[in-house]
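**Student:** Got a structure for you, questions after.
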DNA sequence: CACTAAAACGGAGGCGCCTCCGTTTATTAC
DNA sequence: GTAATAAACGGAGGCGCCTCCGTTTTAGTG
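Residue numbers (our numbering), protein chains in the order written: chain A, 1 to 210; chain B, 1 to 210.
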């Protein structure tokens with residue numbers, strides 16, 4: 001392990017209130033992250049940083065000041081996207097019955113993974129390098145998933161003997177079986193299948209069809 | 001794949017089905033490998049390819065024609081060096097008593113590893129990617145080592161209940177314990193210690209004794 | 001020897017990476 | 001409001017990567 005920089009004025013607590021960024025700086029930073037998200041989705045993690053800066057309407061120097069390495073930028077984008085995936089859970093829970101919310105969220109999860117498949121290798125490396133990132137993110141996903149599941153269980157629309165990590169584990173199969181043309185379809189079928197399994201033996205035998 | 005150039009008058013035993021390189025091409029290729037060896041030793045595997053070409057007195061285009069990727073070049077250099085390490089075994093065997101030859105070879109092995117330590121991570125990646133390379137190279141090293149050992153055993157200067165892979169395994173400890181200032185010294189001591197162990201219980205108890 | 005086709009050369013050019021530093025801007029103090 | 005100061009900006013510049021293609025060299029043939 002490399003030696004940590006000793007805690008000086010800058011104490012690395014979790015993100016909140018770390019440092020009050022100057023208004024313009026914050027604006028530029030946001031624009032960079034946004035542009036990076038688009039670029040990474042379009043061209044993979046090797047997208048040109050200069051193009052990202054250009055797209056964000058800032059100089060390349062600004063990009064490098066905010067994100068000293070490509071990996072920093074990738075990590076922030078990745079975190080943001082996981083965050084938004086999790087936020088979608090709340091959103092769905094508000095507008096749908098619990099089991100439907102759960103199913104739709106899982107489909108969304110598939111979509112999310114789909115956009116990331118190309119980057120799998122690079123992400124793998126990043127996640128290995130930065131093990132905090134992985135546990136961090138899978139923790140969050142588990143949390144979001146748990147709420148959906150608990151609601152559905154409480155509602156009686158799915159069986160009660162499963163928990164978030166079970167389902168996440170089942171979804172894990174999506175990572176595998178790489179690169180086939182019909183990956184997307186198979187994954188969606190997997191989710192449907194999983195849902196059927198979850199509904200089987202539920203106290204309330206509802207058909208959530210559609 | 002297009003059809004291979006038919007094996008005609010010149011079939012090289014060493015390189016199967018390789019094409020006879022034009023004289024100037026061969027010359028340039030050799031110069032490149034030589035320059036690359038120097039550069040990699042001096043600046044690590046990230047050494048500038050343009051600088052290597054410059055040093056070899058050829059254009060960058062020539063470098064890329066011979067070695068389409070950096071990894072190709074690294075691999076060739078690595079192979080060459082292992083080759084020369086193995087060749088040293090024969091050389092030493094000719095000019096020294098078997099046990100001395102063995103000991104000196106092991107010291108040389110240490111020196112060889114020493115130059116490679118900085119590159120450890122990059123090499124690790126390369127060796128993982130290209131698994132043939134690793135088994136290939138460790139096979140060769142084992143072979144060289146075996147000859148030294150068998151000669152020493154036959155000569156009675158070391159004990160007879162060890163073989164090449166035992167010793168190689170013992171030397172394996174050299175890879176570990178990274179980065180200390182006294183790494184080199186400790187490694188050399190490890191070799192001496194190992195030699196003592198090998199001499200212990202030999203039929204011929206001391207040099208000059210018989 | 002001259003001639004030719006194939007092989008090899010080499011470097012310009014286009015792009016991306018990253019650093020450095022003079023200029024601009026937000027914030028704070030008065 | 002103005003001034004002072006720290007923070008942030010941005011892009012030129014230097015270097016490296018890699019490709020592409022016009023030029024040169026070699027090996028073969030009569």
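All residues carry an ideal CB built from backbone N, CA and C; glycine is no exception. Predicted model only: the values in this text are computed from it and were never measured.
So residue 115(B) is in the alpha helix (DSSP H); what residue range does that whole segment cover?
**Tutor:** Looking at the DSSP string, the run of the alpha helix (DSSP H) that includes residue 115(B) is 98-116.
**Student:** Can you give me the C-alpha to C-alpha distance between residue 1(A) and residue 114(B), rounded to a whole angstrom?
**Tutor:** Confidence at residue 1(A) is low in this model, with a pLDDT of 37, below 50, so the placement of that residue is unreliable and no value is reported for it.
**Student:** Please report the straight-line C-alpha distance between residue 96(A) and residue 160(A), rounded to a whole angstrom.
**Tutor:** Near 19 Å, if we compare the C-alpha coordinates of residue 160(A) and residue 96(A).
**Student:** Cβ of residue 192(B) within 8 Å of Cβ of residue 98(B)?
**Tutor:** For residue 192(B) and residue 98(B), no; Cβs fall outside 8 Å.
**Student:** Alpha carbon to alpha carbon, how far is residue 11(B) from residue 18(B)?
**Tutor:** Unreliable placement is indicated for residue 11(B), whose pLDDT of 39 sits below 50; the coordinate value is still reported in the next sentence. Computed Cα separation, rounded: 8 Å.
**Student:** Leaving aside the five residues before and after residue 149(B) along the sequence, list all residues of the same chain whose C-beta is less than 8 Å from its C-beta, in chain order.
**Tutor:** 102, 158, 162, 163, 164 and 167.
**Student:** Are the segment 126-136 of chain B and the segment 64-75 of chain B in contact at 8 Å, needing three or more beta carbon pairs?
**Tutor:** The answer is yes - the segment 64-75 of chain B touches the segment 126-136 of chain B, with three or more Cβ pairs under 8 Å.
**Student:** Grab the span of the alpha helix (DSSP H) containing residue 62(A) for me, first residue to last.
**Tutor:** 60-66 is the extent of the alpha helix (DSSP H) around residue 62(A).
**Student:** Between the C-alpha atoms of residue 172(A) and residue 138(A), what's the straight-line distance to the nearest angstrom?
**Tutor:** Those two C-alpha atoms are separated by around 11 Å.
**Student:** If you drop the 5 nearest sequence neighbours on each side, which residues of the same chain put their C-beta closer than 6 Å to that of residue 134(A)?
**Tutor:** Cβ neighbours of residue 134(A) beyond the five flanking positions: 127.
**Student:** Less than 8 Å separating the beta-carbons of residue 58(A) and residue 31(A)?
**Tutor:** Contact: yes.
**Student:** Going by CA-CA distance only, name the one from 116(B), 145(B), 152(B) and 151(B) that's closest to residue 174(B).
**Tutor:** Among 116(B), 145(B), 152(B) and 151(B), the Cα nearest to that of residue 174(B) belongs to 116(B).
**Student:** Taking the C-alpha atoms as reference points, what is the distance between residue 186(B) and residue 38(A)?
**Tutor:** Roughly 52 Å between the two C-alpha positions.
**Student:** Could you tell me the boundaries of the alpha helix (DSSP H) in which residue 166(B) lies?
**Tutor:** That run of the alpha helix (DSSP H) goes 164-171.
**Student:** Can you tell me whether residue 189(A) is buried or exposed, with buried defined as 16 or more other CB within 10 angstroms of its CB?
**Tutor:** The residue in question, residue 189(A), is exposed, as its Cβ has fewer than 16 Cβ neighbours within 10 Å.
**Student:** Expressed to the nearest angstrom, what Euclidean distance is found between the alpha-carbon atoms of residue 20(A) and residue 111(B)?
**Tutor:** Taking the straight line from one Cα to the other gives about 52 Å.
**Student:** At the level of alpha carbons, what is the spacing between residue 60(A) and residue 50(A)?
**Tutor:** Taking the straight line from one Cα to the other gives about 6 Å.
**Student:** Quick one: measure Cβ to Cβ for residue 65(A) and residue 33(A), integer angstroms, because I've assumed they're closer than 8 Å.
**Tutor:** Not really, about 14 Å apart at Cβ, beyond 8 Å.
**Student:** Under DSSP, the alpha helix (DSSP H) around residue 134(B) begins and ends at which residues?
**Tutor:** Start and end: 131-155.
**Student:** Counting only the same chain and skipping the five closest in sequence on each side, list residues whose C-beta sits under 8 Å from that of residue 200(A).
**Tutor:** Cβ within range, chain order: 159.
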